[in-house]
Structures are given as C-alpha cells and as structure tokens.
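Have a look at the structure below, then the notes.
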Amino acid sequence: MKKIPNLHPGMGNPLQHIADLVHIMYTWGIRDVVMSPGSRNAPLIHGFVHCEQVSCHSIPDERVAGYFALGIALKTGRPVIVLCTSGTAALNLAPALAEAYYQHVPLVAITADRPADVVETQQNQTLLQEDLFNNYTKGFLNWSHESADEKALEALLCLAAASHPGPIHLNVPIKEPLYRPLPQPRRCSLSFAPKEVKRDMIPEDLVVALQRAQRILILCGQQRPDPSLLQVLKAIAQRQQAVVVAEAVSNLNDATICYATDALAAHLLNSDDRAYVPDLMFSTGGHIVSKQWLLWMQRHPELVHWRISEAPDQLDTYGNLSGLVVGESARVLQALFPNSHAPCSAYVERWRAFHHRVEHLLQDHLREIPFSDLYLFGQLVSNLPKGSHLHLGNGSAIRYAQMFPLDSSLTVYGNRGVSGIDGSLSTAVGISKADPSTQNILLIGDMSFVYDSNALWNRNMPSNLHIVIINNGGGGIFRLMEGPSQYRGFEDYQVAHHPVALGELAKAFGWSHRLWQSKEDLQKGLPILLDPPGRTIIEVKTPVQENGNSYQSYYKKLKNNR
5 MKKIPNLHPG MGNPLQHIAD LVHIMYTWGI RDVVMSPGSR NAPLIHGFVH
55 CEQVSCHSIP DERVAGYFAL GIALKTGRPV IVLCTSGTAA LNLAPALAEA
105 YYQHVPLVAI TADRPADVVE TQQNQTLLQE DLFNNYTKGF LNWSHESADE
155 KALEALLCLA AASHPGPIHL NVPIKEPLYR PLPQPRRCSL SFAPKEVKRD
205 MIPEDLVVAL QRAQRILILC GQQRPDPSLL QVLKAIAQRQ QAVVVAEAVS
255 NLNDATICYA TDALAAHLLN SDDRAYVPDL MFSTGGHIVS KQWLLWMQRH
305 PELVHWRISE APDQLDTYGN LSGLVVGESA RVLQALFPNS HAPCSAYVER
355 WRAFHHRVEH LLQDHLREIP FSDLYLFGQL VSNLPKGSHL HLGNGSAIRY
405 AQMFPLDSSL TVYGNRGVSG IDGSLSTAVG ISKADPSTQN ILLIGDMSFV
455 YDSNALWNRN MPSNLHIVII NNGGGGIFRL MEGPSQYRGF EDYQVAHHPV
505 ALGELAKAFG WSHRLWQSKE DLQKGLPILL DPPGRTIIEV KTPVQENGNS
555 YQSYYKKLKN NR
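Under the working numbering, the first residue of the sequence shown carries the number 5, and numbering increases by one thereafter.
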C-alpha cells in the first residue's frame, strides 16, 4: 500500500480543513455520502449536509453503512464516501473496505479523530486510527488542520480513481469546539488526473503459443457488466476459436458460454480424460466461486496460462501463470482473436457436448427430487423479471444459483471479493437505492440474513427490493461438503442453527412476511417476483435432510456419467 506523505501545514480557522475537504470532495466528483451519527464527525456531517449537490444517506450501524456505500459505488461506478466518528466506529468499516479492495471499488472511508496529541492518553472514544486499514486500502492520509496538504490529497484520490480503482482512507483529526459554523472553503486548484497504467503490447511468446495451441480456453471471473467484452467473447465462441467459461457473477450470460463451472469440474476431477484440458488458457476478471474448478486447474501446472488485467497484478491463482497482458479485456481478446484466427472446432464441440450433457442431467434430476434447496433455486432463477438485478448471498446460495443458466438481461451481484456473509443484504440495499427504477431480487441464506439484518434499519429503505430467505436451518453449505458432518458438534458449531423467528424480525423492521414450505407454495407464490417489489420478505423453509440428499445425489450422478 502506498502511504501519501503530509507536506505543508494549514493555518487559520481550526475547521478550515473540514470546509476545504467537503469542497474538494464535491469538486472531485463525490455525489453520495453515507454517514453514521456521532459527535467527533459532526463538522463533517454538517459540511456535507449543506452541500446541496451531494446526496446524504443516514445509516446508524457503521458496518452496514460501509456495505451500503459499497453497493452505491458498485452500481454508479463513482467514488462514494462512508463517514463515521472515532473509536470502534472506525473499526466497523473494515469488512466493507476489504471487500472493496478485492473487488476494486472506489470506496472512500473518512474517519473523524481526536487531535494527535491526545491519542493514547485515555481520552474518551479514542484509538490509534492512522493506517488502520493498511492491508486493504490503496492509500492513507491524515488530513488535519495542521497538515492539510492538497497535493497529498490529490495523489490519494488519484489512487482511488485509477483504471484499477480501490478504497482509500482519510483520517480527520478535529479539535473542539465541534459545533460552530464552518468557514468558506478555499479555492480548489487540483486536476485529479490519475496516472495511467502502461498498457503492454502482446508479448511475442504469447503470439507463438497462440499459433501453436489446439485447445484454447478463456476463463472469466467476477466483473461488472461489460457489453463490449460480451460481444467479443460471443464472437470468439461462435467462430469456435476458444471455449469460453464464465460464472454467474461474471455477468457474461449467453448460450455460447459455458457456465456450470462446479458441475463441469466435478466430473473432470473424477476423470483421467485429458481431452478437455486446454494447452493455452486466458483468465480475466476477479474471483472464481467454484472450488472444484480451482482444484481441476491446479491439477495441471503444465498448461500455459496468461492473465489479462487492467493492473499489473501477476495473480497466480492456479499455480501455472505464464505471463500477464495489461489492458482492457475486450480490446486484448479482440486483438488476439481476429476473424482470421484459426478455429479449434473439435475442442469447442467436445466442450459444448459435455456442457449440454451436464445441463440435461440436472434437468432430469430436478424432475425426480422433492422440495429442497436445489429444486427451489431451479424454479427461482428461471422466474426472475427481465432486466432485474440479482443479488446472491454467500455460502450455498451463490453455489446453487450458478448451477443454472441465467437470462442475459440480468445483472448479477455478490460479495465475492472476500466472500463474507456479513454484508450481502446491506450491499443489495445500497445498489437498490442507487437505481430505484430497476427491480432487485436478493437470494440469501438464513444465517447471512440474520447476521446482516441491521441493513433493514434504514429510514429511507428503497422499495424496489425483494428479499428471498432460504431458511435451511443454519449454515447449509456445510451440509453440502463431504466430511464436516462426521465430526462431533457439527450441527451446533458449524451449521450453527439459530433460534430467530424471521417473520417476527421482519415485522420489527416494518416489513411484511410470506412463508413458503412446499412445491405448491412455491408455484403459487412465484408470480410475486414479477410484481413491483414492496417491503416484503419471502421466507422459504426447506427440509434439512432432503437438501443434502438432493445435492449430493446429483454430484454422484455427475461423477458416474460418461
């Protein structure tokens, strides 16, 4: 992480640095500030509230506020401020900043603080806040009355808004008295021109490898919707120049693209057939959900693997990285695969046939199984409103959802940067707030929902969000794994079933509640997903035993299928 130095002391009014900061942030492009109440941050609250061009959002819980701000930034693509008071309030921003760091989202954390000379002197509500988020922010600056340097701030803001963005941290010491009028801001003369990362030419050894390759595969990780990239990948797949594989959170849904990564890799891990192994692989985007795919790739350290990224990150996820091309994925792939590039038709056809077998096997299986999580997700994802936003909670929810094809009009979100269960609901609420004209559907497990239920503590809750809770009696993902259930304490300490009455919890926050417990309830209730959302929570109770049986029997069929 790059630490920005403080260069020049400030003078004059003790709150001049607050007025200047508010003005600079607006000039830079800040239009949303998510703030939690407090006293030490009161001058900052007052400054942003009086900036009429900025939308202020009040979220009392700082952890929720961080994820809510993350959601707005994900949807708008603009930097968003999350502002809090001093002490443990600041620590609660850490989960959202970590998620923003690994999803490359420009989240700006502003933490109010006491003056440096009273920190570590047993003053109230005080802890060491400098470099508090050192490992998961792109930069830090202490912006005090004595050391408010515009050029240092400009350098920090450029880090956040670079071609490969990420979160930053501003710590703002403020002297008392806190409640007094702010001075007029000084004129801002900053340019905010981010330093561009140098784009690489296509390396010669990659050109040679591409010419020799007979089996080419392109793997796409999590990313925001990119119509240009989708068009390039569709053309490559249609010309049979490469196999294209993408997960739900890749936002690259198309009939020409393979999606069932877990199911495909589960079969391949149980097979010695090397006909599916690429001799050249390209990877782009963020994290991959499927652990099965990770294990399959790691089994083949000999394959040639090139990563395409807008940052020189050199991530070797599979232990076989050959090199990196820095640039926009769409442009790089278009340059690598012109119309004249030779197809690898036999390899592509083999993969397509394999993918179709996996799809048909799942559809046949769904007709045989009782009401369960697997059956439920098959129905839910095929009945989503066109053009809506689909939010996927972590744990079993995202893994079930990406077993099925998704309509190309959907935009899919999920906190897969760090994959915690603590902010899925808060992030979905933030995204819904940022785009009130689009329907949003959140599919979330009961544990994730209860953990993040303070996301409903919001006086300005958007009305365009459906919440579907899959209540499978705790951490359902652990019942899908081979191994955990054989150990003592499995139900109490891993599944950790909860005593929360979800209907009563919904009522406490002013939401109505519906309960589905059977195939009949599901068929009667599904049309509600097509209705304009209101403040309704749909709880779906699924049978614990059938959930594990339905999932595991499908994967058993996959492993035995030839």
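A virtual CB, placed ideally from N, CA and C, is assigned to each residue, including glycine.
Small disclaimer: the values here were computed from a predicted structure and weren't measured.
Query                                                                                                                                                                                : Result
Could you check if T92 is buried or exposed, using at least 16 other CB atoms within 10 Å of its CB as the buried criterion?                                                         : exposed
Identify whether K511 lies in helix, strand or coil by the three-state DSSP scheme.                                                                                                  : helix
Span of the beta strand (DSSP E) holding M285?                                                                                                                                       : 284 to 288
Using 8 angstroms as the Cβ pair cut-off and three pairs as the minimum, do the stretch 72 to 84 and the stretch 47 to 55 touch?                                                     : no
Does DSSP classify M465 as helix, strand or coil?                                                                                                                                    : coil
Is the CB-CB distance between K563 and F375 below 8 angstroms?                                                                                                                       : no
What's the C-alpha gap between H12 and E66?                                                                                                                                          : Any reading at H12 needs caution, since the residue's pLDDT is 40, under 50, leaving its predicted position unreliable; the model's value is listed next. The straight-line gap from Cα to Cα measures roughly 32 angstroms.
When the Cα atoms are used, what is the spatial distance from P547 to R311?                                                                                                          : 42 angstroms
For the alpha helix (DSSP H) that contains L378, what are its first and last residues?                                                                                               : 377 to 385
Put V84 into one of helix, strand or coil per three-state DSSP.                                                                                                                      : strand
From the DSSP output, in three-state form, read off I261 for me.                                                                                                                     : coil
Measuring alpha carbon to alpha carbon, tell me which of D209, G507, D230 ends up nearest L340.                                                                                      : D209
Need the endpoints of the alpha helix (DSSP H) that H309 sits in, please.                                                                                                            : Note, H309: premise wrong, no alpha helix (DSSP H); beta strand (DSSP E) at 308 to 313.
Taking 8 angstroms as the cut-off, decide whether the C-beta atoms of P99 and A164 are in contact.                                                                                   : no
Give me the Cβ distance between I474 and G507, rounded to the nearest whole Å; I'm assuming they're in contact under 8 angstroms.                                                    : No, I474 and G507 are not in contact; Cβ-Cβ is about 15 angstroms, not under 8 angstroms.
Which residue marks the beginning of the alpha helix (DSSP H) containing E543, and which one marks its end?                                                                          : Looking at the DSSP string, E543 is not in any alpha helix (DSSP H); the run it does join, the beta strand (DSSP E), is 540 to 545.
On the criterion of 16 or more Cβ atoms from any shown chain inside 10 Å, does T265 qualify as buried, or is it exposed?                                                             : buried
Could you name each continuous beta strand (DSSP E) segment of 3 residues or more that falls completely within the stretch 336 to 408, going from the start of the chain to the end? : 393 to 396
Determine whether the beta carbon atoms of L325 and H395 lie at a separation below 8 angstroms.                                                                                      : no
Taking A113 as part of the beta strand (DSSP E), name the residues at either end of that continuous run.                                                                             : 111 to 117
Whole angstroms is fine: what's the gap from F513's alpha carbon to R539's?                                                                                                          : 10 angstroms
Following the continuous beta strand (DSSP E) through N551, name the residue where it begins and the one where it ends.                                                              : From DSSP, N551 is part of no beta strand (DSSP E) but of the alpha helix (DSSP H) over 548 to 564.
For V504, which three-state DSSP category applies?                                                                                                                                   : coil
Would you tell me roughly how many angstroms separate the C-alpha atoms of E332 and N17, rounded to the nearest one?                                                                 : 46 angstroms
If you drop the 5 nearest sequence neighbours on each side, which residues of the same chain put their C-beta closer than 7 angstroms to that of L509?                               : S457
Output needed for D411: all residues of its chain with C-beta closer than 8 angstroms, excluding positions within five of it in sequence on either side, in chain order.             : N257, L388, K390
Can you tell me whether T141 is buried or exposed, with buried defined as 16 or more other CB within 10 angstroms of its CB?                                                         : buried
Pull the bridge partners of Y417 from the DSSP assignment, please.                                                                                                                   : H395
Measure the C-alpha to C-alpha separation of K7 and D117 and round it to an integer number of angstroms.                                                                             : Because K7 carries a pLDDT of 46, less than 50, the predicted location of this residue cannot be relied on, and the following value inherits that uncertainty. Spanning the two alpha carbons is a distance of roughly 18 angstroms.
Taking DSSP's pairing of strands, which residues face I220 in a bridge?                                                                                                              : L284
Which residue comes first and which comes last in the beta strand (DSSP E) that contains M39?                                                                                        : 36 to 39
Thinking just about the alpha-carbon of each residue, which of V53, H369, T31 is nearest to the one in R191?                                                                         : T31
For M465, which residues in the same chain have their Cβ closer than 6 angstroms to its Cβ, ignoring the five residues on either side in sequence?                                   : none
Runs of 3 residues minimum, wholly inside the stretch 99 to 159: which ones carry the beta strand (DSSP E) assignment?                                                               : 111 to 117, 143 to 146
What did DSSP end up calling L194 once you bin it into helix, strand or coil?                                                                                                        : coil
Which same chain residues end up closer than 8 angstroms to M5 when comparing Cβ atoms and leaving out the 5 residues on each side of it in sequence?                                : Unreliable placement is indicated for M5, whose pLDDT of 45 sits below 50; the coordinate value is still reported in the next sentence. N138, N139, T141, K142, G143, F144.
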